[in-house]
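The structure appears below as structure tokens.
Protein chains: 2
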Amino acid sequence: MAGRSWAGTTLDDRKAARRGQLVDAGLDLLGTQGSAGVSVRAVCRHAKLTERYFYESFADREELVVAVYEHIGEQARQALVDAVSDTAEPAERAKAAVRAFVELMLDDPRKGRVLLLAPITDPALTTRGIALLPSFAELVSGQLSHGDAAERQMTSIGLVGALSNVFIAYLDGSLKVSRERLIDHCVRLVLGADRQP
Amino acid sequence: MAGRSWAGTTLDDRKAARRGQLVDAGLDLLGTQGSAGVSVRAVCRHAKLTERYFYESFADREELVVAVYEHIGEQARQALVDAVSDTAEPAERAKAAVRAFVELMLDDPRKGRVLLLAPITDPALTTRGIALLPSFAELVSGQLSHGDAAERQMTSIGLVGALSNVFIAYLDGSLKVSRERLIDHCVRLVLGADRQP
DNA sequence: TTAAATTGACCACAACTGTTGTCAGGTTAA
DNA sequence: TTAACCTGACAACAGTTGTGGTCAATTTAA
Chain A
54 MAGRSWAGTT LDDRKAARRG QLVDAGLDLL GTQGSAGVSV RAVCRHAKLT ERYFYESFAD
114 REELVVAVYE HIGEQARQAL VDAVSDTAEP AERAKAAVRA FVELMLDDPR KGRVLLLAPI
174 TDPALTTRGI ALLPSFAELV SGQLSHGDAA ERQMTSIGLV GALSNVFIAY LDGSLKVSRE
234 RLIDHCVRLV LGADRQP
Chain B
54 MAGRSWAGTT LDDRKAARRG QLVDAGLDLL GTQGSAGVSV RAVCRHAKLT ERYFYESFAD
114 REELVVAVYE HIGEQARQAL VDAVSDTAEP AERAKAAVRA FVELMLDDPR KGRVLLLAPI
174 TDPALTTRGI ALLPSFAELV SGQLSHGDAA ERQMTSIGLV GALSNVFIAY LDGSLKVSRE
234 RLIDHCVRLV LGADRQP
């Protein structure tokens with residue numbers, strides 16, 4: 054029986070808590086050491102749990118990685134939606150969205166690295182094409198007005214690449230500019246992505 | 054004595070040939086299976102040589118990876134320089150450069166993946182900040198006229214990111230456009246990177 | 001022919017991986 | 001207190017890794 058209380062909490066609660074610890078540990082490792090640092094054993098050591106509990110919540114190493122990525126992805130999506138829902142004017146919306154994204158990543162760079170780097174470095178994510186960023190780009194830039202479908206697709210892909218690279222450079226310290234200038238530049242990228250040649 | 058002839062060739066020659074085989078094998082693995090596929094043993098199996106000869110030419114797994122990256126980087130640089138040296142008119146130069154780059158990568162996608170993906174996926178490259186692409190961007194876009202140093206740096210980083218992402222999408226098949234449209238779009242990206250907001 | 005140099009096939013080591021299993025103890029409801 | 005359950009620490013498996021070494025066979029210059 055799952056509802057039976059044990060040590061003050063129910064079994065399901067404790068199981069969920071352990072799952073949370075594992076995801077947190079996964080975020081920590083994926084966000085600092087990258088894909089190679091995320092082994093079942095390392096995650097367990099980090100979460101101070103034994104392998105037993107890993108396989109209680111995840112079938113695979115892969116499943117954990119996906120869970121971490123989607124966990125962060127959901128946070129980012131939510132942050133974007135919140136930021137956008139406040140304002141109606143397009144330029145302001147873009148600015149608010151970019152600002153929300155930057156703040157999410159600067160307040161916790163691990164999240165930025167998971168979101169931007171993990172999908173290209175970890176096979177578990179690469180294979181499945183679980184790339185949330187393109188959908189973010191659509192969300193941010195609304196609908197691009199110029200060009201046909203292929204044109205818009207290229208523009209959107211390029212925009213995501215440009216933003217990612219700028220963020221990454223900022224995160225690893227090779228781009229030294231103020232937070233405000235970074236945001237400004239990214240806003241201009243977003244707004245300028247849809248111009249006639 | 055190194056000049057002594059053996060089996061028709063000198064020792065140094067054979068050593069260099071083996072080194073070449075190892076680098077080729079490294080390119081093959083890094084360009085298809087990614088960073089994780091490049092282990093000393095896998096490279097040796099692929100090159101049909103034994104570990105002994107690996108350590109004859111490289112101290113580390115790391116050294117091999119760097120050698121592969123720089124090998125391809127040099128090829129790309131050369132292709133760019135050749136393409137640019139033909140024409141003087143800026144727009145034509147950009148077009149020629151982009152075309153040369155695209156052709157290099159399409160004729161051998163492994164090279165594209167090594168050049169674009171390896172520096173962010175392999176720790177041996179990530180750590181050392183061996184990213185040739187920024188210097189390529191400068192070479193391609195000449196000198197950006199607008200903005201101060203930080204502005205130009207952000208623009209350049211963004212441009213590289215945009216191009217990389219478009220290339221990558223093209224390489225893995227998620228972007229289905231003709232070669233000509235791809236080149237056109239990239240040329241517009243390069244030319245448009247340096248416009249006033 | 002003899003002695004030296006080169007080669008390739010292995011083997012050894014310790015460390016790590018994913019995954020499953022066992023087993024002694026603690027905690028709780030009955 | 002007893003019996004059911006939960007927990008944590010391990011062990012075992014077969015595999016891979018980086019890095020080094022050994023040893024017999026081959027190839028050549030002398």
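If you're matching them up, the sequences are chains A and B in order. Using the working numbering, read the first sequence as starting at 54 and increasing by one per residue. Using the working numbering, read the second sequence as starting at 54 and increasing by one per residue. Cβ atoms here follow ideal geometry from the backbone N, Cα and C, with glycine treated the same way.
For B:T85, the CB contacts under 8 Å within the same chain, skipping 5 residues up- and downstream, are R163, R166 in chain order. DSSP places B:V240 in the uninterrupted alpha helix (DSSP H) bounded by 232–245. Setting aside the 5 residues that flank it on each side, B:H124 is surrounded in the same chain by V76, L80, each with a C-beta closer than 8 Å to its C-beta; the list follows chain order.
Separation of B:K229 and B:V137 (C-alpha to C-alpha, rounded to the nearest whole angstrom) is 28 Å. Annotation: the region 194–230 of chain B contains the following complete segments of the alpha helix (DSSP H) (minimum length 4 residues), in chain order: 202–224. Here the alpha carbon of B:E233 sits roughly 41 Å from the alpha carbon of A:D161.
Within the region 90–121 of chain B, contact with chain A at the beta-carbon level (separation under 7 Å) is assigned to no residue.
Annotated as proximal: B:L185 and B:Y122, with beta-carbon spacing under 9 Å.
When C-alpha distances from B:M207 are compared across A:A222, A:A190, A:E204, A:D201, the shortest belongs to A:A222. Contact annotation: B:F220 and B:V134 have beta-carbon atoms that are not nearer than 9 Å.
CA-CA distance, A:D225 to B:G182, rounds to 10 Å. At a C-beta separation below 8 Å, B:P176 has these neighbours in chain A: G87, A89. DSSP places B:F107 in the uninterrupted alpha helix (DSSP H) bounded by 104–110. Here A:P172 is buried: its Cβ has 16 or more other Cβ atoms, across all protein chains shown, within 10 Å. In the displayed model, A:T174 falls within a helix according to three-state DSSP. Distance check between A:A153 and each of A:A70, A:L235, A:L64 places A:L235 closest, using alpha-carbon atoms only. B:A132 has a beta carbon lying at 9 Å or more from every beta carbon in chain A.
Between A:L212 and B:A215 the beta-carbon gap is near 7 Å, inside 8 Å, which marks them as a contact. B:D139 and A:A132 have their C-alpha atoms spaced approximately 49 Å apart. Rounded to the nearest angstrom, the gap between the Cα atoms of B:V243 and B:A144 is 9 Å. For B:L242, the residues of chain A that pass the 7 Å Cβ criterion are G211, in the order they occur in the chain. Looking only at B:E109, B:S227, B:T103, B:L83, the smallest Cα-Cα distance to B:D65 is reached by B:E109. Residues of chain B whose Cβ lies closer than 8 Å to the Cβ of A:S217 are, in chain order, G214, N218. Nearest to A:P176 by C-alpha distance, out of A:L83, A:Q74, A:A69, A:A100, is A:L83. DSSP, reduced to helix, strand and coil, places B:T85 within a helical segment of the structure shown. Sequence-distant Cβ neighbours of A:V240 in its own chain, meaning closer than 7 Å and more than five residues away, are A147, K148, V151. Residues of the same chain with a CB within less than 8 Å of the CB of A:V119, apart from the 5 flanking positions on each side, are A177, L178, R181, I183 in chain order.
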